[in-house]
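Visitor: Below is a structure I'd like to ask you about.
Numbering (my numbering), first residue to last: 199 to 639.
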């Protein structure tokens with residue numbers, strides 16, 4: 199007679215069981231925390247209520263409950279959040295050594311942070327699948343208290359238009375983000391400037407310094423306090439359509455060009471490519487016009503075939519293409535020079551486009567990645583706010599910040615990025631998002 203032996207699931211490690219009922223953080227291999235943000239599972243460097251979880255016994259397994267009251271669930275091999283406490287919300291937690299654990303769902307797949315995304319993978323058991331579960335109070339108490347010397351906000355693709363827009367059918371998303379920005383500015387109390395990566399005026403830009411869109415899409419949406427600091431800006435593709443600067447080699451002809459840092463009635467943009475040093479913050483800002491790479495999403499094109507496709511909507515299509523080419527050349531020249539000459543520890547570099555649009559200029563991405571320089575890069579154009587869809591500039595950081603509520607949703611992550619600058623010269627960046635249901639249809 200054959201004898202069958204039931205497989206006994208591994209016992210929950212005692213160091214995990216000791217945390218049952220207490221607020222905990224669940225941290226991946228690089229220290230980022232598992233987050234439930236409006237029902238979206240993400241990794242975050244924040245340490246707020248969205249990153250707090252409570253573990254409870256599930257009959258030899260574990261329920262992971264977020265501060266929002268939802269359970270982590272293995273939904274047929276997909277990590278999601280649900281209100282249930284059924285078999286798909288039961289997780290096996292096993293010892294992975296060195297105080298870390300493997301978290302395995304009902305499908306047999308393990309929770310993983312591979313690629314900077316929360317996902318379930320089969321038969322892995324590597325570093326990306328090793329998690330640290332720690333008491334939230336102890337983690338926060340152990341964090342060093344660094345003195346902050348300033349902060350900044352980053353926004354892009356925000357100038358919603360009543361007549362011409364993508365799948366955002368009202369200004370609700372832009373307004374919700376503006377409200378969050380004001381709240382964050384008040385919380386920080388030391389915002390020095392706002393980085394604007396462009397597409398400020400959908401669908402075609404402003405025609406002059408007195409264009410009424412300065413009011414309807416900027417001043418009437420973003421409260422005066424948000425406009426009490428300089429908005430460091432570049433042109434996005436939509437900003438150029440009717441702007442007189444698109445057909446002129448004279449930089450002063452641009453409707454958004456403004457070299458007076460004290461003139462807060464408009465953006466600060468002294469040229470199409472420009473830089474500004476902040477020695478008091480140990481920081482240099484470099485702004486680049488790279489609209490030549492509007493079609494950089496198309497990996498079949500080589501460098502010579504990239505062109506600014508929105509020139510077709512201007513009064514001078516051929517001249518526009520030549521000017522965009524020249525401005526891109528000037529941008530790379532400026533960045534190269536500042537990379538060598540800057541005396542500041544940190545560089546903030548931005549253009550309208552995310553790093554994955556620059557596959558035909560690998561030296562540019564390589565320079566953004568130089569380890570001896572502390573460079574944080576921001577782009578937009580793709581209408582989401584994340585650091586997972588971009589080409590890596592490791593060990594440095596870069597973001598796509600195109601989820602400003604102006605045109606469409608290319609993902610559920612709509613909002614802006616915050617940068618905090620510390621006395622020791624370090625910079626931390628993190629996103630602040632609105633409930634995606636306000637924005638995305």
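Built from N, CA and C at the ideal position, the CB exists for glycine as well.
1. Under the three-state reduction of DSSP, which class applies to residue 562: helix, strand or coil?
2. Give the DSSP-derived three-state secondary structure of residue 211 in the structure shown.
3. Under the rule that 16 or more other beta-carbon atoms within 10 Å means buried, what is residue 340, buried or exposed?
4. Between residue 236 and residue 277, what straight-line distance do the alpha-carbon atoms span, to the nearest angstrom?
5. Do residue 490 and residue 506 have their C-beta atoms closer together than 7 Å?
6. By a C-beta neighbour count over all protein chains shown, 10 Å radius and 16 as the cutoff for buried, is residue 455 buried or exposed?
7. List, from N- to C-terminal side, the beta strand (DSSP E) runs of 3 residues or more that fit wholly inside the segment 381–406.
8. Would you kindly check if the distance between the Cβ of residue 299 and the Cβ of residue 310 is under 7 Å?
9. For residue 532, which of helix, strand or coil comes out of DSSP?
10. Given that a residue counts as buried once 16 or more other Cβ atoms are within 10 Å of its Cβ, and exposed if not, what is residue 355?
11. Suppose you measure from the CA of residue 205 to the CA of residue 259; what does that come to, to the nearest Å?
12. If residue 432 sits next to residue 550, beta carbons under 8 Å apart, how far is it from one beta carbon to the other, in whole angstroms?
13. Would you mind working out which of 621, 617, 633, 623 sits nearest residue 243, comparing C-alpha positions?
14. Return the chain-ordered ranges of every beta strand (DSSP E) run that is complete within the segment 419–475 and spans a minimum of 3 residues.
15. Among residues of its own chain, excluding the 5 on either side of residue 227, which ones have a beta-carbon nearer than 7 Å to its beta-carbon?
16. Restricting to runs no shorter than 4 residues, where is the alpha helix (DSSP H) found entirely within the segment 496–561?
17. Tell me which same chain residues have a C-beta within less than 8 Å of the C-beta of residue 221, skipping the five on either side of it?
18. Look at the alpha carbon of residue 603 and the alpha carbon of residue 213, and state the distance between them as a whole number of angstroms.
19. Are the beta-carbon atoms of residue 303 and residue 272 separated by less than 7 Å?
20. Can you have a look at residue 460 and say buried or exposed, based on whether 16 or more other CB atoms are within 10 angstroms of its CB?
21. Since residue 330 sits in a beta bridge, which residues does DSSP pair it with?
22. Nearest-angstrom Cα distance between residue 555 and residue 606?
23. Flag this pair as yes or no: are the beta carbons of residue 393 and residue 533 separated by less than 7 Å?
24. Using C-beta distances below 7 Å, list every residue in its chain close to residue 256, excluding the 5 sequence neighbours before and after it, in chain order.
25. Under 8 Å: do the segment 418–437 and the segment 538–553 share three or more Cβ pairs, one atom per stretch?
26. Excluding the 5 residues preceding and the 5 following residue 406 in the sequence, name in chain order all residues of the same chain whose CB lies nearer than 6 Å to its CB.
27. Report all residues from its chain with a CB closer than 7 Å to the CB of residue 465; omit the five preceding and five following residues, and keep chain order.
28. What would DSSP say about residue 234, mapped onto helix, strand or coil?
29. Measure the CB-CB distance between residue 620 and residue 346 and report whether it falls below 7 Å.
30. Below 7 Å between beta carbons: does that hold for residue 470 and residue 425?
31. For residue 243, which of helix, strand or coil comes out of DSSP?
32. Taking the CB atoms as reference points, tell me whether residue 233 and residue 248 lie closer together than 7 Å.
33. In terms of residue numbering, what span does the alpha helix (DSSP H) encompassing residue 636 cover?
Guide: By the coordinates alone:
1. helix
2. Of the three classes helix, strand and coil, the one that applies to residue 211 here is coil, per DSSP.
3. exposed
4. Rounded to the nearest whole angstrom, the CA to CA distance from residue 236 to residue 277 is 14 Å.
5. yes
6. buried
7. 389–394
8. no
9. helix
10. buried
11. For residue 205, the predicted structure reports a pLDDT of 48, less than 50, and the residue's modelled location is therefore unreliable. A value from the coordinates is still provided. Using only the alpha carbons, I get a separation of about 14 Å.
12. 6 Å
13. 617
14. Taken in chain order, the unbroken stretches of beta strand (DSSP E) that lie wholly in the segment 419–475 and span 3 residues or more are 429–431.
15. The beta carbon of residue 227 lies closer than 7 Å to those of 311, 325, 326, 328 in the same chain, with the five residues before and after it left out.
16. 515–539
17. These residues qualify, in order along the chain: 250, 251, 252, 265, 333, 334, 335.
18. 44 Å
19. The beta carbons of residue 303 and residue 272 sit closer together than 7 Å.
20. By the beta-carbon neighbour count (other beta carbons within 10 angstroms, threshold 16), residue 460 is exposed.
21. 225
22. 19 Å
23. no
24. 288
25. yes
26. 453
27. 394, 429, 431, 454, 456
28. strand
29. yes
30. no
31. coil
32. Taking 7 Å as the cut-off, the Cβ atoms of residue 233 and residue 248 count as close.
33. 634–637
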